[in-house]
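Here's the structure we're looking at; comments come further down.
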Amino acid sequence: MMLEKFALRGLLAGVAMSALLAAPAFAVTPADTLVEGFAFDDIITMDPGEAFELSTAEVTGNTYDLLVRLDLSDTSKVKGDLAESWTVSDDGLTYTFKLKPGMKFASGNPITAADVAYSFERAIKLDKSPAFIINQLGISGDNVTEKAKAVDDTTFQFVVDKAYAPSFVLNCLSATVASVVDSKLVKEHVAAVTPSADYKWDNDFGNAWLKTGYAGSGQYKLREWRANEVVVLERNDNYNGEKAKLARVIYRYMKESSAQRLALEAGDIDVARNLEPNDLDAIAKNADLTTTSAPKGTVYYISLNQKNANLAKPEVRQAFKYLVDYDALGSTILKGIGEIHQSFLPKGDLGAIDDNPFKLDVAKAKELLAKAGLADGFSVTMDVRTGQPTTGMAESIQQTLGQAGIKLEIIPGDGKQTLTKYRARNHDIYIGNWGQDYFDPNSNAQTFASNPDNSDAAKIKTLAWRNAWDIPDLTKQTEAALLEKDSAKRADMYKDLQKKILDTSPFVVINQQLEVAGLRKNLKGFALGPSFDTNFVGPVSKE
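Take the sequence shown: its letter number 22 is residue 22 in UniProt numbering, and every next letter is one higher.
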C-alpha cells in the first residue's frame, strides 16, 4: 500500500524512497513495478569491470549494453547489441565493429567508439577478476590502447594475438566485463592513484565511484544498491531499442526460500527467485501462482585427486561413476532445481552432448574395484561446502559408495575452507559446482580438459590441475579447438573431448543446474535465460 502511494505521486528519490524500501513488506505491488525476492548477498560491486558475481551479472545484463550479445534464439551465436555489423580480417586477427548510429547513454551522452575503447582499456588496466576473459585474447595493460581502439566515432577495432575461432572471440566480448561505459561520465568521477609496483596507472578509472554508481545505456538504469537490502532499477528512457515495459524493478533481499514463498503467496512480491524443492512444489500447487525454470551453464560434480594412489587407478575412477544414484538424486534433492547431465559442457553450448551413460550399478563398480586390486574397498575423505544441495548429494554418495566397500568420511566446511583446500590440491574428493565464465565451450573445456603444467608451481590452475590429472594430449586438443574457425568442426572437437572425459576422467559430473522462479500469474513476459546475465526484465509487464 505504501509503495502504491509513493508510486502514484512519482516519489522515487532521497529519504522517501529509503524509508519505503526499509518496510518489511510491500503488500500489493504496484502495476508499474516488478518486485522480486532475491538472495543477492554475493554482490560486492556494481562496476562491470570488476563484478564477477552471479547476482551482479543479472543487474549488469539489464543496465549495460555490449558490442554483441548472446542470441537467445540460438545460443551458439551472438547478435549485435551496440554493433550494427562486424567483419573479421582474412588473417583472423582484426575485428572491426560498426556501431548503430544515434545511440545515447542513460545520461544523454552520445555512444561512440571512443566509449567502447575506453571501456576495454579500464577493464584491462583495472585487472580485476573478470579481466582474464579479455586477457586470454592477447590483450594487456601495455597494449590495450593499440589493440582496442576507435577508428572514428562509429568504428571500433579489436586485434587479437591468434587466429581464434571467431565464435570464441565474440562470445568473450558478450561477457559482462565487456560492458560499454559512458566514458565522459566516468572520467568526471575518477580518483587519483599513486602508481606502485602492483598498479602502474595514475587513476582508478572511476572504479571507486562505479562500485555503487552507474554509467550505462541498458533498458534499465541502476538507481540504488544497498548491500543485503535492495537493488532498485528505473526505466532508461534514452534506451536505443524497445523501452522497458515497467517503470522500475525492485529486488528485495530475501535469503530464505520459505520467506520468499510466503511473500509471493501474500502478494508482497511478484517473483521468488531462490526456491528449494519443497517450496517450489507448494507454489506449483497454488492456482494464483506459477513456476518457470531454465538450465544454466553450471554443472555439479565430484572430483578425485590423482595424488591419491587409490583414486588414480583408472578402474577406480570409472567405478565412482557407477556409484552415484543419479535417479534418486534427480527425484529428491535435485527435483526441480537440477537436471541429470553427465558431460562437462552444459546443454546450450556449442557441441554439448546429452549422453548420460552411467547409472547406479554396484555390481559393476565392485568388478572394477576388484580389477584395481581393491576388492575390499578403501577409506577416503570428501570435502563438502555446507549447504544444499551439496550436503544432501554428498550424503547420498556416501551411502552408495558404502555399498561397494568404500568408506567415505565427509569433511564439512564453509566455502572459503573447502575451496582453499581444493585449490591447493590437498583434498581426496571434492564436491561442488562449476559455472561458465563466458558463454563459449572453451570456458568449461579449458578447465575440465586442459592442464598445461601439472607441477605444484603451475601458473594455470584448471580443475584438471587441481586434481593432478596430467593430460598433454587432451590439452593440445582443447587448444586446437580454439583455432578451428568452422563451427561444425569445432563442435565435433568438443563432442570428442566430452566423450573422452566421460570415459577416463577423475570427474563425475552429476547434474546441470536449473534456475527456478515462482511468480504471480498476472506477470507477462518473465523468462529466465541460459546464463545469469540473460535474465532480462525489460519485456516483463503486468495484466
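Note that beta-carbon positions come from the ideal geometry of N, C-alpha and C, so glycine has one too.
Worksheet item: Rounded C-beta distance between Glu-515 and Leu-528? I'm assuming under 8 Å.
Response: 5 Å
Discussion item. Let me check understanding here. Comparing Cα to Cα, which of Leu-246, Leu-419, Ala-464, Lys-296 lies closest to Thr-447?
Written reply: Ala-464
Worksheet item: So, Lys-407 versus Gly-377, is the Cβ gap smaller than 9 Å?
Response: yes
Practice prompt. With DSSP collapsed to three states, give me the class of Trp-86.
Written response: strand
Worksheet item: Buried or exposed: residue 567, going by 16 or more other Cβ atoms within 10 Å of its Cβ?
Response: Only positions 1 to 543 of the chain appear in this structure, which leaves residue 567 out of reach.
Worksheet entry | Nearest residue (CA-CA) to Leu-126, options Tyr-64, Ala-165, Lys-162, Ala-191 | Ala-191
Fill in: Straight-line gap, Glu-265 to Leu-289 (C-alpha atoms, nearest Å)
8 Å
Worksheet item: Between Arg-248 and Pro-48, what straight-line distance do the alpha-carbon atoms span, to the nearest angstrom?
Response: 21 Å
Worksheet item: How should Gly-10 be labelled, buried or exposed, when 16 other C-beta atoms within 10 angstroms of its C-beta is the threshold for buried?
Response: Confidence in Gly-10 is poor, its pLDDT being 35 and thus under 50, which makes the residue's placement unreliable; the coordinate value appears in the next sentence. When all chains shown are included, Gly-10 counts as exposed.
Discussion item. Just verifying my parser: in three-state terms, what is the DSSP assignment at Asp-383?
Written reply: strand
Practice prompt. Only counting runs of 4 or more residues, tell me where the alpha helix (DSSP H) segments fall wholly within the segment 311 to 339, in order along the chain.
Written response: 314 to 321, 326 to 331
Practice prompt. Classify Phe-105 as buried or exposed, calling it buried when 16 or more other Cβ atoms lie within 10 Å of its own Cβ.
Written response: buried
Worksheet item: CA-CA distance, Lys-364 and Leu-311?
Response: 17 Å
Worksheet item: Is there contact between the segment 389 to 407 and the segment 437 to 457, where contact requires at least three CB pairs shorter than 8 Å?
Response: no
Fill in: Gln-403 in three-state terms, based on DSSP
helix
Worksheet item: Excluding the five sequence neighbours on either side, which residues of its own chain have a C-beta within less than 8 Å of the C-beta of Trp-469, listed in chain order?
Response: Gln-306, Asn-451, Asn-454, Ser-505, Pro-506
Item to complete: Starting from Lys-98, follow the beta strand (DSSP E) in both directions and report where the run begins and ends.
Response: 94 to 99
Practice prompt. Buried or exposed for Arg-235, please, with buried defined as at least 16 other CB atoms from any protein chain shown within 10 angstroms of its CB.
Written response: buried
Worksheet item: Out of curiosity, what's the CA-to-CA distance linking Lys-461 and Lys-371?
Response: 32 Å
Item to complete: Leaving aside the five residues before and after Asp-152 along the sequence, list all residues of the same chain whose C-beta is less than 7 Å from its C-beta, in chain order.
Response: Ala-113
Worksheet item: Quick one: Cα of Asp-198 to Cα of Ala-491, how far?
Response: 40 Å
Worksheet entry | Given Val-68 as reference, the closest of Thr-56, Ser-174, Lys-211 once Cα atoms are compared | Ser-174
Worksheet item: Taking buried to mean at least 16 other C-beta atoms within 10 Å of its own C-beta, is Glu-84 buried or exposed?
Response: exposed
Practice prompt. Specify, as a first and last residue, the run of the alpha helix (DSSP H) that Phe-158 falls within.
Written response: Premise fails: Phe-158 lies in the beta strand (DSSP E), 155 to 159, not in any alpha helix (DSSP H).
Practice prompt. Could you name the residues of the same chain whose beta carbon sits closer than 8 Å to that of Arg-317, not counting the 5 residues immediately before and after it, in chain order?
Written response: Leu-304, Leu-311, Thr-504, Ser-505, Pro-506
Worksheet item: What are the start and end residues of the alpha helix (DSSP H) that includes Pro-441?
Response: 441 to 448
Worksheet item: On the three-state DSSP scale, how would you describe Pro-110?
Response: strand
Item to complete: Would you please state the rounded distance, in angstroms, between the beta carbons of Val-230 and Tyr-251? I believe it to be under 8 Å.
Response: 7 Å
Worksheet item: Considering Tyr-220, what are the terminal residues of the beta strand (DSSP E) in which it resides?
Response: 220 to 226
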